[in-house]
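Input: a single structure, listed below in structure tokens.
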Amino acid sequence: MADPKVADAIETKIVKGNAAPAAKAATGAYTPAGVSPSRRSRHKYTVRLWAVRHSRFLEWFYNRFADMFLLLHPLWKAIGYNRVERPVTFVERHVKGFLFDCRMCGQCALSSTGMSCPMNCPKQLRNGPCGGVRANGNCEVEPDMPCVWVQAWKGSQNMVKGDAIMNVQKPVNQSLRETSSWLRVTAEAAALREAQAKENQA
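Mapping of the sequence shown onto the numbering used here: residues 59 to 260, in sequence order.
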């Protein structure tokens with residue numbers, strides 16, 4: 059896990075002046091994707107549930123992907139993280155939107171929540187489940203939707219680092235909405251690696 063001081067410094071550097079996401083976040087909380095839950099296309103749920111069932115594979119794949127992104131840190135740094143933010147965010151939104159019905163909170167917790175996105179919870183609970191899960195495992199707010207956190211627990215049981223679901227997640231920083239988690243994690247990991255290298259040389 060990245061050093062909090064390093065992470066805060068990187069976050070400030072990348073996000074400073076990012077008023078658009080903050081303004082968008084201020085318009086409201088949970089927004090169903092496209093249509094109301096009762097009419098939402100079945101494939102949305104199908105793909106989300108597939109991701110939970112295959113959480114172990116997705117965990118492995120993401121770890122390889124994160125390593126690749128970290129190897130590209132010199133390139134991102136040379137171009138400028140701010141400059142690559144928009145195209146990377148575009149790709150991230152579509153890939154994660156298809157697989158997880160991602161809401162682009164900018165602080166992805168999928169690796170800690172069994173590959174079930176907590177932002178799909180109508181209450182936007184970053185730590186769950188709440189006390190209103192129905193007997194059939196569905197959400198009390200959206201009766202036709204399987205509880206996001208029940209699915210998160212199921213997915214976590216298949217993962218190598220599934221116990222990460224026990225970690226308390228921080229509240230969402232609304233100013234980071236519509237920004238790239240991939241780039242943020244990469245920048246934090248690179249900063250931590252550089253800091254450790256300096257310590258070893260001292």
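Virtual Cβ for every residue (Gly too), placed ideally from N, Cα, C.
Please read all numbers here as calculations on a predicted model, not as lab measurements.
Inter-residue distance for V105 and S174 is about 11 Å (C-alpha atoms, whole angstroms). About 6 Å separates the CB atoms of A245 and Y139; that is less than 8 Å, so the two are in contact.
The alpha carbon of K212 has as its nearest neighbour, out of L250, G186, Q254, P132, the alpha carbon of G186. Ranked by Cα distance from V146, the first of W240, K256, A255, Q259 is W240.
Rounded to the nearest whole angstrom, the CA to CA distance from G164 to V149 is 13 Å.
Cβ-Cβ distances below 8 Å link Y103 to M203, P204 in the same chain, with the five nearest sequence neighbours on each side left out; the list follows chain order. Looking at V230, N231, A210, the one whose alpha-carbon comes closest to that of A222 is A210.
Taking the CA atoms as reference points, C166 sits about 23 Å from E252. Counting of Cβ neighbours within 10 angstroms places P132 among the exposed residues, the total staying below 16. By the CB criterion at 9 Å, R111 and N194 fall outside the cutoff.
Collapsing the DSSP output to three states places N196 in a strand. Take the alpha-carbon of K219 and the one of S170: they are about 8 Å apart.
In this chain, the alpha helix (DSSP H) harbouring V208 covers 206-214. Around the beta-carbon of E200, 16 or more other beta-carbon atoms lie within 10 Å, marking it buried. R192 and K135 have their alpha carbons spaced roughly 48 Å apart. Distances from the alpha-carbon of W108 to those of E236, L157, W118 put L157 closest.
Taking C-alpha positions only, L128 is separated from R122 by approximately 10 Å.
Closest in C-alpha terms to F115, from the list R151, G155, L168, V142, comes L168.
Here DSSP, grouped into helix, strand and coil, assigns H131 to helix.
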